[in-house]
């Protein structure tokens, strides 16, 4: 077996001889078979770092040589990339394509050329960086807070290079002073201490990098303790009292017109209970007396 080295590639030439046993004492050899093998190797200018602008079409070639022809595969941050994975796809020639590349597509991409039958592989990696203009998002557009308390205003910012973040209230910049206004290290969170009515207004988060600028605003409303309003329990209590007052008024009205109230009506018609009868009786006139006494019998039993 012979080994040949040419331009950094290693080839193996092999000679296979097949011996046939025929007549005793005689050996017959078939025609020798010559085979060649070449280790897989990624060729061309692969590069180790590449930068792209968000939204562009990206195609990274991966040319591989070897005998037999190597299988080409791609990995992104250690995970295999399938033939078609959304905006990312692998072509038949082994090249990787990313349609409308986005900031989240940044990472380490590795191309591998392998000949599995011999367990041989060559691999190269490239670091892809995506540059993008800032994008600013706010969790809400309106924020309520109580006076004398502290509140945080937060904006989520993405972009590359890392955007520079500033805040303003109306047209006035809000600067970190360590007392009233406290900004986080990346500027995405603004803490306002000891709120009062003068802190109300529109606050704007502004992000800028070399590719552009974007901003988003929210309105802060500060409520005093005495303006906080009624709690849920108080409201329920008031509604219950109003309900009882209305029921009492209805009951009295019914009693005056029909000589029985709502609750008595419910007891008679829905519960099937008899209603005590009210009976006026005249007592006998006592001897020597000219007055008549009226007795009210509310027992419901005739005397």
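In the working numbering, the protein residues as written are 78 to 380.
Cβ coordinates follow ideal geometry from the N, Cα and C atoms, glycine included.
Contact check between the region 188-205 and the region 139-155: three or more CB pairs, one atom from each, fall below 8 angstroms, which counts as touching. When the Cα atoms are used, residue 115 and residue 148 turn out to be separated by approximately 13 angstroms. In the three-state scheme derived from DSSP, where H, G and I count as helix and E and B as strand, residue 120 is classed as strand. Two segments are said to touch when three or more pairs of C-beta atoms, one from each, lie closer than 8 angstroms; by this definition the region 159-175 does not touch the region 225-242. The C-alpha of residue 219 lies about 20 angstroms from the C-alpha of residue 260. The alpha-carbon of residue 292 is positioned some 42 angstroms away from that of residue 150.
Less than 8 angstroms separates the beta-carbon of residue 232 from that of residue 215.
Residue 321 and residue 310 have their alpha carbons spaced roughly 17 angstroms apart. When C-alpha distances from residue 239 are compared across 256, 212, 223, the shortest belongs to 212. If you look at residue 168, you'll find it isn't in any beta strand (DSSP E); DSSP assigns it neither H nor E. With contact defined as three or more Cβ pairs closer than 8 angstroms, the region 314-328 and the region 262-274 are not in contact. With a minimum length of 3 residues, the unbroken runs of beta strand (DSSP E) contained wholly in the region 151-195 fall at 156-158, 165-167, 173-175, 184-192.
Residue 286 is bridged by DSSP to 289.
With a 10 Å radius around the Cβ and a threshold of 16 neighbouring Cβ atoms, residue 278 comes out exposed.
Boundaries for residue 272: no beta strand (DSSP E) harbours it, and the DSSP string shows neither H nor E there. Non-local beta-carbon contacts of residue 299 in its own chain, meaning distances under 7 angstroms to residues more than five positions away in sequence, involve 222, 224, 272, 273, 274, 276, 277 in chain order. Taking a C-beta distance under 8 angstroms as the contact criterion, residue 210 and residue 264 do not qualify as a contact pair.
Counting along the chain, no beta strand (DSSP E) covers residue 226, and no H or E run does either.
The beta carbons of residue 242 and residue 283 sit closer together than 8 angstroms. Per DSSP, the continuous beta strand (DSSP E) segment holding residue 236 begins and ends at 233-237. Between residue 123 and the set 330, 200, 294, the nearest pair of CA atoms involves 200. Under the three-state reduction of DSSP output, residue 134 falls in the coil class, being neither helix nor strand. For the 8 angstroms CB-CB criterion, residue 237 and residue 207 form a contact. At least 8 angstroms separates the beta-carbon of residue 217 from that of residue 185. If you draw a straight line from the Cα of residue 164 to the Cα of residue 267, it comes to about 37 angstroms. Per DSSP, reduced to three states, the secondary structure at residue 254 is coil, with no helix or strand assignment. Bounds of the beta strand (DSSP E) holding residue 198 are 197-214. For residue 142, the uninterrupted beta strand (DSSP E) segment begins and ends at 140-144.
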